[in-house]
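What follows is a short report on a single structure.
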Amino acid sequence: MATPYPIRTVTEDDLPAIHTVHEHAFHSGPPSEQSRARMHARIELDRTIAAFDGATMVGVAGAYSFRMRVPGALAPVAGVTMVAVLPSYRRRGILFSLMTQQLEDLHGRGEEVAALFASEAGIYRRYGYGQASWHATFGLRAGEGTLATAAPADGSLRVRIAAPDSARAELAKVYDTVLAERPGFFARNDAWWDRALADGPEDRAGASPLRCVLAEDSAGPRGYALFSARGRWDQDTFLADSSIDIREIITADPAATAAIWGDLLSRDLVTEFHAAMRPVDDPLLHLLADPRRVRARIADGLWVRLVDVGGALARRRYACPVDVVLDVSDESCGWNQGRWRLSAGGSAPAATAAGGPTPGTARCERTSDPADIALPAHVLGAAYLGGTRLGSMAQAGLVTELRPGALAALSAALSWDPAPWCPVIF
Numbered sequence: 063m064a065t066p067y068p069i070r071t072v073t074e075d076d077l078p079a080i081h082t083v084h085e086h087a088f089h090s091g092p093p094s095e096q097s098r099a100r101m102h103a104r105i106e107l108d109r110t111i112a113a114f115d116g117a118t119m120v121g122v123a124g125a126y127s128f129r130m131r132v133p134g135a136l137a138p139v140a141g142v143t144m145v146a147v148l149p150s151y152r153r154r155g156i157l158f159s160l161m162t163q164q165l166e167d168l169h170g171r172g173e174e175v176a177a178l179f180a181s182e183a184g185i186y187r188r189y190g191y192g193q194a195s196w197h198a199t200f201g202l203r204a205g206e207g208t209l210a211t212a213a214p215a216d217g218s219l220r221v222r223i224a225a226p227d228s229a230r231a232e233l234a235k236v237y238d239t240v241l242a243e244r245p246g247f248f249a250r251n252d253a254w255w256d257r258a259l260a261d262g263p264e265d266r267a268g269a270s271p272l273r274c275v276l277a278e279d280s281a282g283p284r285g286y287a288l289f290s291a292r293g294r295w296d297q298d299t300f301l302a303d304s305s306i307d308i309r310e311i312i313t314a315d316p317a318a319t320a321a322i323w324g325d326l327l328s329r330d331l332v333t334e335f336h337a338a339m340r341p342v343d344d345p346l347l348h349l350l351a352d353p354r355r356v357r358a359r360i361a362d363g364l365w366v367r368l369v370d371v372g373g374a375l376a377r378r379r380y381a382c383p384v385d386v387v388l389d390v391s392d393e394s395c396g397w398n399q400g401r402w403r404l405s406a407g408g409s410a411p412a413a414t415a416a417g418g419p420t421p422g423t424a425r426c427e428r429t430s431d432p433a434d435i436a437l438p439a440h441v442l443g444a445a446y447l448g449g450t451r452l453g454s455m456a457q458a459g460l461v462t463e464l465r466p467g468a469l470a471a472l473s474a475a476l477s478w479d480p481a482p483w484c485p486v487i488f
């Protein structure tokens, strides 16, 4: 769908117009100078495109150059961001043109995978993105956060209060430990740590300054929490009614997990705890004495797009050996259309067929062999990080099994532990 709105790469002079488009599209006020500076430090101008009506910017789409954990590997991933169209220019094909040009640009750069957080869940499947992860929001009231008596403990651990920005090196050490294991995590540079530790008035939203606790032993940090508090007292009864809002808890081992959660959930004068953007396999649900007390809400997290099917499927690792031929339909990226043979040796030493891939490796190449499974690109994207089972999507009619047993084999091979999780929206 061609539009009369030319698209070009933005320059620094276009930054104010990007803010204007976002403020109208997302119904937000202008960012503070501090927030604006942080955004400008993260934006990659050469990866940001915009559509124009004359001199007026009417739509924009950008991408970050991430190194993101995928099953068994750290991969270059385009973190798609800032996608917006002025409300008065909707339904004119501008979003389609921006997304199509961006995919062509990513392919031209040799990038295999793109990921994004969707403002509306129904938008991006048409461009080949699939829902690859979920995240949870947890709510607990006073007395509901007691840990089970069997919760792991380590006498060498201590929990201490730290100034968030002063503890940046310790936080990064813990984060990088989890980055080595958890699909969906991306490596943070200084600009992204600035974002994670942002503590201006608009970041606080009426709460306290950002606070931090570290779990550590003599060898160094093993876990941390970033949180804020809202101190409230009932004026009639003078009873405490304070709350704790947890921005981020990252831990490297079970004892550190129990220590951090135990410290926060046992604090006096607090009547409510709120934790957003948690993984769906959060160990908290197994640590609590009464996990039924958790009020949990599940929402979509990362949406993933395989820009290069062959390269993306060969890059990640697999839970078990698999050899299947996929018939991929892909309207947005025609270069992916057709049949691909995926041969993977599994993530651990195992017997492989003669001539097949060695353990820990995979190949995905063009083939003329008959297909075992037919599926659209967005389904592959959804399954790529190992958290969305191919079998469940087949039950929704999104996958066609052409050889008995192929679906179960591929679904098992694509699965991964731990579940994918990205703790920050980009």
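End of the sequence shown sits at 488 in this note's numbering; the numbers just go up one at a time, nothing left out.
In this text, a Cβ means the ideal position worked out from N, Cα and C, and glycines have one as well.
Original post:
Should residue 411 be labelled buried (16 or more other beta-carbon atoms within 10 Å of its own) or exposed?
Top reply: Within the sequence shown, the letter at position 349 stands for residue 411. No answer about residue 411 holds up, because its pLDDT of 46 lies below 50 and its placement is not dependable.
Original post:
Along the chain, where does the beta strand (DSSP E) that runs through residue 55 open and close?
Top reply: In this structure the chain extends from 63 to 488, so residue 55 is not present and cannot be described.
Original post:
Hey, is the region 244-253 in contact with the region 124-143, meaning 3+ C-beta pairs nearer than 8 Å?
Top reply: yes
Subject >> Cβ of residue 120 within 8 Å of any chain B Cβ >> reply: In the structure shown, chain B cannot be found, because there is only a single protein chain.
**OP:** Could you pull the start and end residues of the alpha helix (DSSP H) that residue 440 belongs to?
**Re:** To locate residue 440, count along the sequence shown from 1; it is residue 378. Where residue 440 is concerned, the enclosing alpha helix (DSSP H) stretches over 439-445.
Subject >> Simplified DSSP assignment, three categories, for residue 114 >> reply: As a first step, residue 114 must be located in the sequence shown, where it is residue number 52. In the structure shown, residue 114 sits in a strand (DSSP, three-state: E or B).
Original post:
By the 10 Å Cβ neighbour count, where 16 or more other Cβ atoms means buried, how is residue 141 classified, buried or exposed?
Top reply: The residue you call residue 141 lines up with position 79 of the sequence shown. So residue 141 ends up on the buried side.
Original post:
Looking at residue 394 and residue 162, is the spacing between their C-beta atoms short of 8 Å?
Top reply: For this step, residue 162 is matched to residue 100 along the sequence shown. For this step, residue 394 is matched to residue 332 along the sequence shown. Against a cut-off of 8 Å, the Cβ pair of residue 394 and residue 162 comes out as a contact.
Original post:
Using CA coordinates, which residue listed in 270, 322, 275 is at the minimum distance from residue 228?
Top reply: Translated into positions along the sequence shown, residue 228 becomes position 166. That would be 275, whose Cα lies nearest to the Cα of residue 228.
Original post:
Anyone know if the C-beta pair for residue 160 and residue 175 falls short of 8 Å?
Top reply: The residue labelled residue 160 in the question sits at position 98 within the sequence shown. The residue labelled residue 175 in the question sits at position 113 within the sequence shown. Taking 8 Å as the Cβ cut-off, residue 160 and residue 175 do not qualify as a contacting pair.
Original post:
Whose C-beta lies closer than 6 Å to the C-beta of residue 221 among residues of the same chain, with five residues either side of it excluded?
Top reply: Position 159 of the sequence shown, counted from the start, is the residue given in the question as residue 221. Answer for residue 221: 275, 277, 321, 325, listed in chain order.
Original post:
Is DSSP giving residue 255 helix, strand or coil here?
Top reply: Mapped onto the sequence shown, residue 255 falls at position 193. Residue state, collapsed to three classes: helix.
Original post:
Pick from 359, 212, 430, 456: whose alpha carbon is nearest that of residue 441?
Top reply: Along the sequence shown, one-based indexing puts residue 441 at 379. Minimum Cα distance to residue 441 is reached at 456.
Original post:
Rounded to a whole number of angstroms, what is the C-alpha to C-alpha distance between residue 314 and residue 267?
Top reply: Taking the sequence shown and counting its residues from 1, the one referred to as residue 314 is at position 252. Taking the sequence shown and counting its residues from 1, the one referred to as residue 267 is at position 205. Those two C-alpha atoms are separated by around 30 Å.
Original post:
Using a Cβ-Cβ cut-off of 6 Å (strictly less than) and excluding sequence neighbours within five positions of residue 416, which residues of its own chain qualify?
Top reply: As a first step, residue 416 is located in the sequence shown; it is residue number 354 there, counting from the start. Its pLDDT being 48, under 50, residue 416 is placed unreliably in this model, and the value from its coordinates should be taken loosely. Same-chain partners within the cutoff: there are none.
**OP:** Mark residue 319 as exposed unless 16 or more other C-beta atoms lie within 10 angstroms of its C-beta, in which case mark it buried.
**Re:** Your numbering for residue 319 matches position 257 in the sequence shown. Looking at its Cβ environment, which holds 16 or more other Cβ atoms inside 10 Å, residue 319 is buried.
Original post:
Considering only the beta carbon of each residue, do residue 401 and residue 388 sit closer than 8 Å?
Top reply: Numbered from 1 along the sequence shown, position 339 holds the residue referred to as residue 401. Numbered from 1 along the sequence shown, position 326 holds the residue referred to as residue 388. Cβ atoms of residue 401 and residue 388: closer than 8 Å.
**OP:** Determine the direct distance from the alpha carbon of residue 361 to that of residue 194, and round the result to whole angstroms.
**Re:** Taking the sequence shown and counting its residues from 1, one reaches residue 194 at position 132. Taking the sequence shown and counting its residues from 1, one reaches residue 361 at position 299. If I take the Cα positions, the gap works out to 11 Å.
Original post:
Does the Cβ-Cβ distance between residue 80 and residue 113 come in under 8 Å?
Top reply: For the purposes of this step, residue 80 is identified with residue 18 of the sequence shown, where counting begins at 1. For the purposes of this step, residue 113 is identified with residue 51 of the sequence shown, where counting begins at 1. Cβ distance not < 8 Å, so residue 80 and residue 113 don't count as in contact.
**OP:** Count the CB pairs spanning the region 428-438 and the region 476-483 that are closer than 8 Å, and state whether there are at least three.
**Re:** no
**OP:** Look at the alpha carbon of residue 95 and the alpha carbon of residue 255, and state the distance between them as a whole number of angstroms.
**Re:** Within the sequence shown, residue 95 is the residue found at index 33, counting from 1. Within the sequence shown, residue 255 is the residue found at index 193, counting from 1. Each residue's alpha carbon lies about 18 Å from the other.
Subject >> Residue from 407, 427, 76, 353 whose Cα sits closest to the Cα of residue 213 >> reply: Sequence index remark: in the sequence shown, residue 213 carries index 151 (1-based). Nearest of 407, 427, 76, 353 to residue 213, Cα basis: 353.
**OP:** Mind checking who residue 201 pairs with in its DSSP beta bridge?
**Re:** Stepping through the sequence shown from its first residue, residue 201 is reached at position 139. DSSP output for residue 201 lists 336, 357 as bridge partner(s).
Original post:
Taking C-beta to C-beta, are residue 240 and residue 312 nearer than 8 Å?
Top reply: In the sequence shown, counting from the first residue as 1, residue 240 sits at position 178. In the sequence shown, counting from the first residue as 1, residue 312 sits at position 250. The answer is yes: Cβ separation under 8 Å.
**OP:** State the Cα-Cα distance for the pair residue 244 and residue 308, rounded to the nearest angstrom.
**Re:** For this step, residue 244 is matched to residue 182 along the sequence shown. For this step, residue 308 is matched to residue 246 along the sequence shown. Looking at the two C-alpha atoms, the distance is approximately 20 Å.
**OP:** For residue 369, write down the residues that DSSP places opposite it in a beta bridge.
**Re:** Within the sequence shown, the letter at position 307 stands for residue 369. Answer is none; residue 369 lacks a bridge partner.
Subject >> Residues near residue 443 in its chain [Cβ-Cβ closer than 8 Å; skip 5 each side] >> reply: The residue labelled residue 443 in the question sits at position 381 within the sequence shown. For residue 443, where only same-chain residues beyond five positions count, the Cβ hits under 8 Å are 190, 191, 192, 194, 365, 366, 367, 368.
**OP:** Answer with buried or exposed for residue 397, where buried requires no fewer than 16 other C-beta atoms within 10 angstroms of its C-beta.
**Re:** Translated into positions along the sequence shown, residue 397 becomes position 335. So residue 397 ends up on the exposed side.
Original post:
Between which two residues does the alpha helix (DSSP H) containing residue 265 stretch?
Top reply: Residue mapping note: residue 265 aligns to position 203 of the sequence shown, counting from 1. Unbroken alpha helix (DSSP H) run through residue 265: 263-266.
**OP:** Express the C-alpha separation of residue 65 and residue 343 in angstroms, rounding to a whole number.
**Re:** Indexing the sequence shown from 1 puts residue 343 at position 281. Indexing the sequence shown from 1 puts residue 65 at position 3. Using only the alpha carbons, I get a separation of about 44 Å.
Original post:
Does the region 294-308 come close enough to the region 327-337 that 3 or more CB-CB pairs lie under 8 Å?
Top reply: yes
Subject >> For residue 453 and residue 468, believed in contact at Cβ under 8 Å, the rounded distance >> reply: Locating residue 468 in the sequence shown gives position 406, counting from the first residue. Locating residue 453 in the sequence shown gives position 391, counting from the first residue. In fact, because the Cβ distance is near 11 Å, the residues do not count as touching under 8 Å.
**OP:** Would you give the residue range spanned by the beta strand (DSSP E) that residue 138 belongs to?
**Re:** Here residue 138 is taken as the residue at index 76 of the sequence shown, counted from 1. Where residue 138 is concerned, the enclosing beta strand (DSSP E) stretches over 135-147.
**OP:** Give me whichever residues DSSP pairs with residue 126 in a beta bridge.
**Re:** As a first step, residue 126 must be located in the sequence shown, where it is residue number 64. Partner(s): 141.
**OP:** State yes or no: is the C-beta of residue 104 nearer than 7 Å to some heavy atom of the ligand ADP?
**Re:** Ligands in the displayed structure: none, and consequently the ligand ADP is not present.
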